[in-house]
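Those letters in the sequence shown? Residues 2 to 461, per my numbering, in order.
Using N, Cα and C, we set each Cβ at its ideal position, and we do this for glycine too.
Here the structure is a predicted model, which is why all the values come from computation and not from measurement.
Encoded as structure tokens, the structure appears first; notes follow it.
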Amino acid sequence: MNRTSIAVALLALAAPLASAQLDDLTVRVPHETTDKRAPTGDNAMGAAGPRGLITQEVYRERRLHLLNHMRDNGFSAAVIFNDTKKSPSGGPDRSGLDFYYLTGIEHEPGAALLLDPDADQHLESLYLPMLDVEDHVWHGERSALGRELELSTGFARVRRLGSLPGALASAILTGESNMAVFLGPVVGYSTPVPKQLQVLRDATSRIPGASVGLDREILPAMRQAKDEHEIELTRRAIANTLAGLHAGMTQVEPGMTEFELRTIIETTFHEAGSRRLAFGSIVGSGPNSCVLHYRGEHDHRVMGEGELVLCDVGAEVENYAADITRTFPISGTFTPRQREVYDVVLRAADEAIAATRPGVTFAELNDIARKVIEEAGYTDDMKHGLGHFLGLYVHDAGNYHLPLTPGTIITIEPGIYLSDENIGIRIEDDVLVTEDGYEVLTRELPRTADEVEAFMAGGE
Numbered sequence: 002m003n004r005t006s007i008a009v010a011l012l013a014l015a016a017p018l019a020s021a022q023l024d025d026l027t028v029r030v031p032h033e034t035t036d037k038r039a040p041t042g043d044n045a046m047g048a049a050g051p052r053g054l055i056t057q058e059v060y061r062e063r064r065l066h067l068l069n070h071m072r073d074n075g076f077s078a079a080v081i082f083n084d085t086k087k088s089p090s091g092g093p094d095r096s097g098l099d100f101y102y103l104t105g106i107e108h109e110p111g112a113a114l115l116l117d118p119d120a121d122q123h124l125e126s127l128y129l130p131m132l133d134v135e136d137h138v139w140h141g142e143r144s145a146l147g148r149e150l151e152l153s154t155g156f157a158r159v160r161r162l163g164s165l166p167g168a169l170a171s172a173i174l175t176g177e178s179n180m181a182v183f184l185g186p187v188v189g190y191s192t193p194v195p196k197q198l199q200v201l202r203d204a205t206s207r208i209p210g211a212s213v214g215l216d217r218e219i220l221p222a223m224r225q226a227k228d229e230h231e232i233e234l235t236r237r238a239i240a241n242t243l244a245g246l247h248a249g250m251t252q253v254e255p256g257m258t259e260f261e262l263r264t265i266i267e268t269t270f271h272e273a274g275s276r277r278l279a280f281g282s283i284v285g286s287g288p289n290s291c292v293l294h295y296r297g298e299h300d301h302r303v304m305g306e307g308e309l310v311l312c313d314v315g316a317e318v319e320n321y322a323a324d325i326t327r328t329f330p331i332s333g334t335f336t337p338r339q340r341e342v343y344d345v346v347l348r349a350a351d352e353a354i355a356a357t358r359p360g361v362t363f364a365e366l367n368d369i370a371r372k373v374i375e376e377a378g379y380t381d382d383m384k385h386g387l388g389h390f391l392g393l394y395v396h397d398a399g400n401y402h403l404p405l406t407p408g409t410i411i412t413i414e415p416g417i418y419l420s421d422e423n424i425g426i427r428i429e430d431d432v433l434v435t436e437d438g439y440e441v442l443t444r445e446l447p448r449t450a451d452e453v454e455a456f457m458a459g460g461e
């Protein structure tokens, strides 16, 4: 049996390789440890390994947890690719989140992590895309293989992607089960793929003794329960988001465009230290407050006296997201009808938050909020679910069918949308599930109608 051909065929199942150069998937340099022509220096991308609050040790502990899971489930090898994911609300492209969660490496699209729980020496190995000596002209320099790159990434074994097939084949053939598992997005058998990949995928069925599995549960479960570092980064993202909303609520006035208000909010995010938005901001006034994912490219509307504006926004800190919504009157005062609807939404949010604790499911919280809204006569006017998980991604990984556990961060965001009245109201808070209940991480932002009006009047 040819080990390289086995590995190449198995790799064809991984979706991110669709953008790879197939020539680089052959084992031409099986013991490559250095790059002879690669640029080096302070601007090299390889220097940007794990940095910030979460250290290499934390990422290594996550990988060790995954290795133990593999041993318990009889997997001989696992491959995780640095794919890309885009916010459903139109936000910026993001690096592969599972890959980043395990490595802290953000700027190597197409890179791969190989885990080999049965290895004598290298339980974990990092594989980076092949170097293009001209690529630095367009995208900046990247570090050469060597000790400097190993130190910056936290991996004792760093190779180029071309040597991955041989290493994967070796891991499968020397493991106890001959079972490889792919973690993350995988090309399904009904999914159209490039012809080159189709040839390799078809070869899988002709390989005796090797099998491929897909574990869709372990990484979402790991990512759902946040550690102290992740919670702290989320707090920082929330603080920057609160600053932006504070600025927007105190500076908004009739005659301002939605774009101007959005600019105030987002500029404050950046001034507070956030490099990126967690997703594309939603700032919709009047009839646009009833559009759930109102797009920024249409936000030239001038906001009028007596209207509401719904702001669903989030800043990001070290890749961790905040997601907060407040709806407030552009003139500073709710009309009686607006206040009536607002109070129903607030009551639904409050009752769902009060019921949040370990052991409760998202479905149960959703039922609690919907009951309040339905009893108030708005059965068909809450057009979305109650919330979602929050973390590395604004709609983060997690299992909506299982009971909540301590360390989980969720959003609670009921809403009522009355298009015929130009009243769209959503109130969204970020909530941490604690050992004995919950903590509202967004509690410093005004929530009741009286608090909103008082804050807009005096900024306190």
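Rounded to the nearest angstrom, how far is the Cβ of L246 from that of R327, given a contact under 8 Å?
-> 6 Å
At what residues does the alpha helix (DSSP H) containing S171 begin and finish?
-> L165 to T175
Identify, in the order they occur along the chain, each residue of the same chain with its Cβ nearer than 8 Å to the Cβ of T41, setting aside the five sequence neighbours on each side.
-> With a pLDDT of 41 at T41, under the threshold of 50, the modelled position of this residue cannot be trusted; read the value that follows with caution. Result list for T41: E142, S144, A145 and E149, in chain order.
Does the beta-carbon of T1 have 16 or more other beta-carbons within 10 angstroms, so that it is buried, or is it exposed?
-> Here the chain comprises residues numbered 2 to 461, so residue 1 is not present and cannot be evaluated.
Go ahead and label T380 buried or exposed: buried means 16 or more other beta carbons lie within 10 angstroms of its beta carbon, across all protein chains shown.
-> exposed
Burial state of R465 (16 or more Cβ within 10 Å) = Given that the chain is displayed from residue 2 to residue 461, the structure contains no residue 465 and the question cannot be resolved.
Please report how far the alpha carbon of R217 lies from the alpha carbon of V310, in whole angstroms.
-> 39 Å
How many Å lie between Y190 and I173 at the Cα?
-> Low confidence applies here, because Y190 scores a pLDDT of 41, under 50, leaving its location unreliable; read the following figure in that light. Roughly 22 Å between the two C-alpha positions.
By how many angstroms is the C-alpha of I265 removed from the C-alpha of P337?
-> 28 Å
Count the CB pairs spanning the stretch 398-418 and the stretch 274-285 that are closer than 8 Å, and state whether there are at least three.
-> no
Reduced DSSP category for R448 - H, G, I as helix; E, B as strand; rest coil = coil
Count the other CB atoms within 10 Å of the CB of H385; is the residue buried (16 or more) or exposed (fewer)?
-> exposed
Check whether V441 and I411 have beta carbons under 8 Å apart | no
Looking only at C-alpha atoms, which of V346, T251 and L169 sits nearest to I424?
-> V346
Among P118, V134, I81 and T242, nearest to P110 - alpha-carbon criterion | I81
Nearest to G287 (by Cα), restricted to the options A356, G274, E259 and F270 = E259
Using CA coordinates, which residue listed in L169, H299, N367 and M257 is at the minimum distance from F76?
-> L169
Pick from L165, E231, Q122 and A450 that is closest to A322, judged by C-alpha positions = E231
Mind checking who Y418 pairs with in its DSSP beta bridge?
-> G425
Use the C-beta contact count for K227: other C-beta atoms within 10 angstroms, 16 or more gives buried, fewer gives exposed.
-> buried
Minimum C-alpha distance to R224 - residue among A112, R448 and P407 = P407
With DSSP as the reference, label E436 as helix, strand or coil.
-> coil
Alpha-carbon to alpha-carbon, P118 and R72 = 6 Å
Residues that DSSP places opposite G408 in a beta bridge | DSSP lists no partner for G408.
According to DSSP, which residues form a beta bridge with V134?
-> DSSP output for V134 lists no bridge partner at all.
Paired residues, beta bridge with Y379 - DSSP = In DSSP, Y379 forms no bridge with anything.
Take T235 as the anchor and find which of E319, G274 and E376 has the nearest alpha-carbon.
-> E319
Work out the CA separation of Y101 and R63 for me, nearest whole Å.
-> 11 Å
Is the beta carbon of V342 less than 8 Å from the beta carbon of I426?
-> yes
Cα-Cα, which of L262, S290, G163 and E233 is closest to D421?
-> S290
Which runs of the alpha helix (DSSP H) fall wholly inside the stretch 321-401 and span at least 4 residues, in chain order?
-> 337-355 and 363-376
Would T275 pass as a contact of A222 if the rule is Cβ separation under 8 Å?
-> The amino acid at residue 275 is misidentified as Thr; the sequence shows Ser. Not a contact, by the Cβ cut-off of 8 Å.
Tell me, please, which residues DSSP counts as bridged to R277.
-> E317
Residue range of the beta strand (DSSP E) that includes S153 | No beta strand (DSSP E) holds S153; the alpha helix (DSSP H) holding it covers R148 to T154.
Under 6 Å Cβ to Cβ from A112, same chain only, skipping five residues before and after it: list those, please.
-> N83 and L129
My guess is that T175 and I106 are in contact by the Cβ rule of under 8 Å, so how many angstroms apart are they, rounded?
-> Not quite, the Cβ-Cβ distance comes to about 27 Å (not below 8 Å), so this is no contact.
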